[in-house]
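Read the structure below first, then the notes.
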Amino acid sequence: MKTEKHKRLPRKALIPLLILMLLLNGACAYIVLPDEVVPVANIDSQGWSAAVTNVTAADGGGLHIDLAIRNDTLDWSAMQAISNKPAVLTNGDGKSSNCATVFVGSGGHRLAPGFQMRGYTAGTKKEPVIQMIYVECAGAQAGEGAKLSLDYSYVTGELNYYDQEANKVFANLNVNLDEVQTDLQYPVGTAMEGLIHDVETPIIAINDIELLLTSVTRTEGGLQLNWQTYNKGEYPGYVHIGTPPVIGTDGILYGYYEIMDLVSVPVTPGGGRAEWTTEVIAPVEAGDLTLLLSVESKKQRWYINYAVDMAGY
Numbered sequence: 161m162k163t164e165k166h167k168r169l170p171r172k173a174l175i176p177l178l179i180l181m182l183l184l185n186g187a188c189a190y191i192v193l194p195d196e197v198v199p200v201a202n203i204d205s206q207g208w209s210a211a212v213t214n215v216t217a218a219d220g221g222g223l224h225i226d227l228a229i230r231n232d233t234l235d236w237s238a239m240q241a242i243s244n245k246p247a248v249l250t251n252g253d254g255k256s257s258n259c260a261t262v263f264v265g266s267g268g269h270r271l272a273p274g275f276q277m278r279g280y281t282a283g284t285k286k287e288p289v290i291q292m293i294y295v296e297c298a299g300a301q302a303g304e305g306a307k308l309s310l311d312y313s314y315v316t317g318e319l320n321y322y323d324q325e326a327n328k329v330f331a332n333l334n335v336n337l338d339e340v341q342t343d344l345q346y347p348v349g350t351a352m353e354g355l356i357h358d359v360e361t362p363i364i365a366i367n368d369i370e371l372l373l374t375s376v377t378r379t380e381g382g383l384q385l386n387w388q389t390y391n392k393g394e395y396p397g398y399v400h401i402g403t404p405p406v407i408g409t410d411g412i413l414y415g416y417y418e419i420m421d422l423v424s425v426p427v428t429p430g431g432g433r434a435e436w437t438t439e440v441i442a443p444v445e446a447g448d449l450t451l452l453l454s455v456e457s458k459k460q461r462w463y464i465n466y467a468v469d470m471a472g473y
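Quick note on numbering: the sequence shown equals residues 161 to 473 in my numbering.
Here's what the structure looks like:
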């Protein structure tokens, strides 16, 4: 018997058709129309906050201000100070000066909600360097009541490769230089129940493919992570995770940032498994580690974030 193939209507074309059917039926109910998946910022977000951890003289004169930054958005978030815009130091007498050297950001990575950090991996993929978070104010002095402010932007939630700044927000950080905090705990500044995943718990990725971290090996300079995917479906598929970074109890985020699908992964055949490894540079001195994992989910190039407990490795 010959069957006729039908072309599926585009999603947007179905919406007016559904509305017309509802009106014709005179139904006393409502329907939920199929919306596009769009990241939405949390309305209770407090943005990012910062704390002064040290104030010293800069090598070339002026002030060197070490900072820790905390994600208070209630969601996964990446932040960055506005490029080529100085921070502003204002003394108690109201006099202000510009601070041209500004290294404040999450290094491109999305940080878990409530987490705080004081450094990240910069440089290049081949030659990574650790960049501490700080501001320098050439020729400036900090009197009593001095405050530092800087403009920054941040994004929150799941990552859509095709619209990476869908919910970008511009904000301002303000810190009091009189309030130096030397006892901060990293990486968790504000604990959130259920945020941290156990390392042995599988994650369901795109097309219901199961992702599992099967083993972790401590190398001379960091960690080797061994991954496995299991595809219960009929058709082959990929699960991109990039090269996941880690953050230590030293407050430093280890791992050079690049978009996840730039890192090749093997195809997982239908009904089969695939295995591969990733590596991250992280010294033993970093302390207990938390893996910041972005997993391709829902659809291609759409990434959901997970914090995975790596204590003991």
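Even for Gly, the Cβ is constructed at its ideal location relative to N, Cα and C. These numbers were taken from a predicted model, which means no experiment stands behind them.
Residues bridged to residue i [DSSP beta-bridge criterion]
{"i": "D311", "result": "N332"}
{"i": "R270", "result": "Partner(s): none; R270 has no beta bridge."}
{"i": "P288", "result": "G283"}
{"i": "Q460", "result": "Note: Q460 sits in no beta bridge, so no partner."}
{"i": "V425", "result": "Partner(s): none; V425 has no beta bridge."}
{"i": "W208", "result": "N231"}
{"i": "W436", "result": "W387"}
{"i": "G265", "result": "Q240"}
{"i": "A217", "result": "L223"}
Three-state secondary structure (DSSP) of residue i
{"i": "I407", "result": "strand"}
{"i": "N244", "result": "coil"}
{"i": "L355", "result": "coil"}
{"i": "M420", "result": "helix"}
{"i": "D469", "result": "strand"}
{"i": "Y321", "result": "helix"}
{"i": "A446", "result": "helix"}
{"i": "Q276", "result": "strand"}
{"i": "N258", "result": "strand"}
{"i": "I401", "result": "coil"}
{"i": "T350", "result": "coil"}
{"i": "A238", "result": "strand"}
{"i": "T250", "result": "strand"}
{"i": "G303", "result": "coil"}
{"i": "L296", "result": "At residue 296 the sequence reads Glu, which differs from the Leu that was named. E296 falls in the strand class under three-state DSSP."}
{"i": "T316", "result": "strand"}
{"i": "L451", "result": "strand"}
Environment of residue i [buried if 16+ CB atoms lie within 10 Å]
{"i": "N475", "result": "Past the edges of the chain, shown from 161 to 473, lies residue 475, and the structure says nothing about it."}
{"i": "T379", "result": "exposed"}
{"i": "S375", "result": "exposed"}
{"i": "M352", "result": "exposed"}
{"i": "D343", "result": "exposed"}
{"i": "P273", "result": "buried"}
{"i": "F330", "result": "exposed"}
{"i": "E287", "result": "exposed"}
{"i": "I407", "result": "buried"}
{"i": "E325", "result": "exposed"}
{"i": "I364", "result": "exposed"}
{"i": "L178", "result": "With a pLDDT of 40 at L178, under the threshold of 50, the predicted position of this residue should be treated as unreliable, and no value is reported."}
{"i": "L453", "result": "buried"}
{"i": "Q276", "result": "buried"}
{"i": "L310", "result": "buried"}
Cut-off 6 angstroms between Cβ atoms - residues of its own chain near residue i, not counting five sequence neighbours on either side
{"i": "T377", "result": "Q384"}
{"i": "A434", "result": "T389, P426 and T428"}
{"i": "E445", "result": "none"}
{"i": "M292", "result": "G279"}
{"i": "H357", "result": "Y466 and V468"}
{"i": "G381", "result": "I441"}
Same chain, Cβ closer than 8 angstroms to residue i, neighbours up to 5 away in sequence not counted
{"i": "Y322", "result": "R461"}
Closer than 6 angstroms: residue i CB and nearest the ligand FAD heavy atom
{"i": "V425", "result": "Of the ligands one can find in the structure shown there are none, so the ligand FAD has no counterpart to examine."}
Same chain only: Cβ atoms within 7 angstroms of residue i, ignoring 5 sequence neighbours per side
{"i": "N102", "result": "Any answer about residue 102 is impossible in this case: the structure gives the chain only from 161 up to 473."}
{"i": "N336", "result": "K307"}
In chain order, each beta strand (DSSP E) run of at least 3 residues that lies wholly inside the region 353-397: 370-378 and 382-390, all fully within the region 353-397.
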